[in-house]
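Whatever position you read off the sequence shown (first residue = 1), add 66 for this note's numbering.
All C-beta atoms in this analysis are idealised placements derived from N, C-alpha and C, irrespective of residue type, glycine included.
Before any comments, here is the structure.
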Amino acid sequence: MMSPRVWSSVRQGLSRGLAPNVRGLASGEGRKVDIAGIHPPVTTPFTATAEVDYGKLEENLHKLGTLPFRGFVVQGSTGEFPFLTSSERLEVVSRARQAMPKDKLLLAGSGCESTQATVEMTVSMAQVGADAAMVVTPCYYRGRMSSAALIHHYTKVADLSPIPVVLYSVPANTGLDLPVDAVVTLSQHPNIVGMKDSGGDVTRIGLIVHKTRRQDFQVLAGSAGFLLASYALGAVGGVCALANVLGAQVCQLERLCLTGQWEDAQKLQHRLIEPNAAVTRRFGIPGLKKTMDWFGYYGGPCRAPLQELSPAEEEALRVDFTSNGWL
Numbered sequence: 067m068m069s070p071r072v073w074s075s076v077r078q079g080l081s082r083g084l085a086p087n088v089r090g091l092a093s094g095e096g097r098k099v100d101i102a103g104i105h106p107p108v109t110t111p112f113t114a115t116a117e118v119d120y121g122k123l124e125e126n127l128h129k130l131g132t133l134p135f136r137g138f139v140v141q142g143s144t145g146e147f148p149f150l151t152s153s154e155r156l157e158v159v160s161r162a163r164q165a166m167p168k169d170k171l172l173l174a175g176s177g178c179e180s181t182q183a184t185v186e187m188t189v190s191m192a193q194v195g196a197d198a199a200m201v202v203t204p205c206y207y208r209g210r211m212s213s214a215a216l217i218h219h220y221t222k223v224a225d226l227s228p229i230p231v232v233l234y235s236v237p238a239n240t241g242l243d244l245p246v247d248a249v250v251t252l253s254q255h256p257n258i259v260g261m262k263d264s265g266g267d268v269t270r271i272g273l274i275v276h277k278t279r280r281q282d283f284q285v286l287a288g289s290a291g292f293l294l295a296s297y298a299l300g301a302v303g304g305v306c307a308l309a310n311v312l313g314a315q316v317c318q319l320e321r322l323c324l325t326g327q328w329e330d331a332q333k334l335q336h337r338l339i340e341p342n343a344a345v346t347r348r349f350g351i352p353g354l355k356k357t358m359d360w361f362g363y364y365g366g367p368c369r370a371p372l373q374e375l376s377p378a379e380e381e382a383l384r385v386d387f388t389s390n391g392w393l
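See the structure below:
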């Protein structure tokens, strides 16, 4: 984490609302960093005694690195970040940066509940190699998280972040949608490059794309289940948990959409819907990790209080993949 002296200067910036010299803009072009493409949100491997298994993290990234992804999200919801200590979160990002191909982007989940903690975590993640920060909405006091509160939060983080910021809305986990009016306002910030929207409301995604069309603002679908629809409405990519196991197929869906092969894209999208739902909303991270074990990656256990799948759940998970021809 930051030293007291460095954190003191950051706090002064927070109180003044001043922006440092950020790296979010491409040199001389006035354009923000390009996050378009598919990004798997990687899991955090654990040992049988619930310690972070950094060796297995590196092995997974080496295998995933052979696929045509734009980058990786580390410490997103799939990474079980609420269960990790601050030092573990930073070590995971640092190890991921070392294991990843150099040409891949590293988006690090740096969101915390307070603005001050989020700024500190974001700066620290930049120091250990993150290319951009993906910042989830603070939600513990969701009843007070108005548009004004969220605009203030993200503006302060973006002002003080040395790397570009990606907004992250995941209402299934937070119970809070980042309001469209807040997104539109924040899209004008020079260090906010885009948004991951995991809500699954494609009307909302289309509206955000439409209302931010005059900004250099990039929208990423937060799931493979609505990737085709999101591309059709102007999204530029996706952060898809399913890409941890069916990465080649998710990238193929991206290519079909980008080349206008909509009939083939529709057929592939249909085959991905049930497996995607199984490893996200239906069985969550335990389901994703179990599936990773089947597909040659290391899934392993989750950290408590998340529990392993029951035998009946595991069988239902297997059916969702076999019935669509993936196992």
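- The stretch 227-236 makes no contact with the stretch 207-214; the number of CB pairs closer than 8 Å stays below 3.
- DSSP places Ser152 within a helical segment (H, G or I) once states are collapsed to three.
- According to the DSSP assignment, Leu286 belongs to the beta strand (DSSP E) that extends over 284-287.
- Residue state for Ser190 is assigned as helix, using DSSP reduced to three classes.
- Restricting attention to Pro256, Ala114, Ser143, Ala295, the CA atom closest to the CA of Ile271 is found in Ala295.
- Residue state for Gly103 is assigned as strand, using DSSP reduced to three classes.
- Per DSSP, reduced to three states, the secondary structure at Tyr220 is helical.
- Remark: fewer than three beta-carbon pairs, one from each stretch, lie closer than 8 Å, so the stretch 343-353 and the stretch 122-129 are not flagged as touching.
- The C-alpha of Ala183 lies about 21 Å from the C-alpha of Ala248.
- Within the same chain, and ignoring the five residues on either side of Leu338 in sequence, the residues whose Cβ sits closer than 6 Å to its Cβ are Ala290.
- With fewer than 16 neighbouring CB atoms inside 10 Å of its own CB, Ala314 falls in the exposed class.
- Its chain contains Gly365 as the residues whose beta carbon lies nearer than 7 Å to that of Asp359, once the 5 sequence neighbours on both sides are disregarded; these appear in chain order.
- Under DSSP, Ala174 shares a beta bridge with Val140, Ala199.
- Distance from the CA of Leu372 to the CA of Thr113, rounded to the nearest whole angstrom, comes to 14 Å.
- Spatial neighbours of Phe149 in its own chain (CB-CB distance under 6 Å, excluding positions within 5 residues in sequence) are listed in chain order as Arg369.
- In the structure shown, the three-state DSSP call for Phe292 is helix.
- Here Val108 is buried: its Cβ has 16 or more other Cβ atoms, across all protein chains shown, within 10 Å.
- Look at Ile229 here: in three-state DSSP terms it is coil, with no helix or strand label.
- Exclusion of the five residues before and after Asp386 leaves Glu340, Pro341, Ala344 as the residues of its chain whose Cβ lies within less than 6 Å of its Cβ.
- For the 8 Å CB-CB criterion, Ile101 and Gly303 form a contact.
- With fewer than 16 other beta carbons inside 10 angstroms of its own, Pro377 counts as exposed.
- Judged by DSSP in its simplified three-state form, Ser213 adopts helix.
- A buried status is given to Leu242, since no fewer than 16 other beta-carbon atoms sit within 10 Å of its beta-carbon.
- The residues Ile104, Leu133, Pro134, Phe135, Ala309, in chain order, have a CB closer than 8 Å to that of Cys317 in the same chain once the five nearest residues on each side in sequence are set aside.
- In the three-state DSSP reduction, Tyr207 falls in the coil class, being neither helix nor strand.
- Sequence-distant Cβ neighbours of Ala287 in its own chain, meaning closer than 6 Å and more than five residues away, are Leu293, Ser296, Ala301, Gly304.
- Counting along the chain, no beta strand (DSSP E) covers Asp243, and no H or E run does either.
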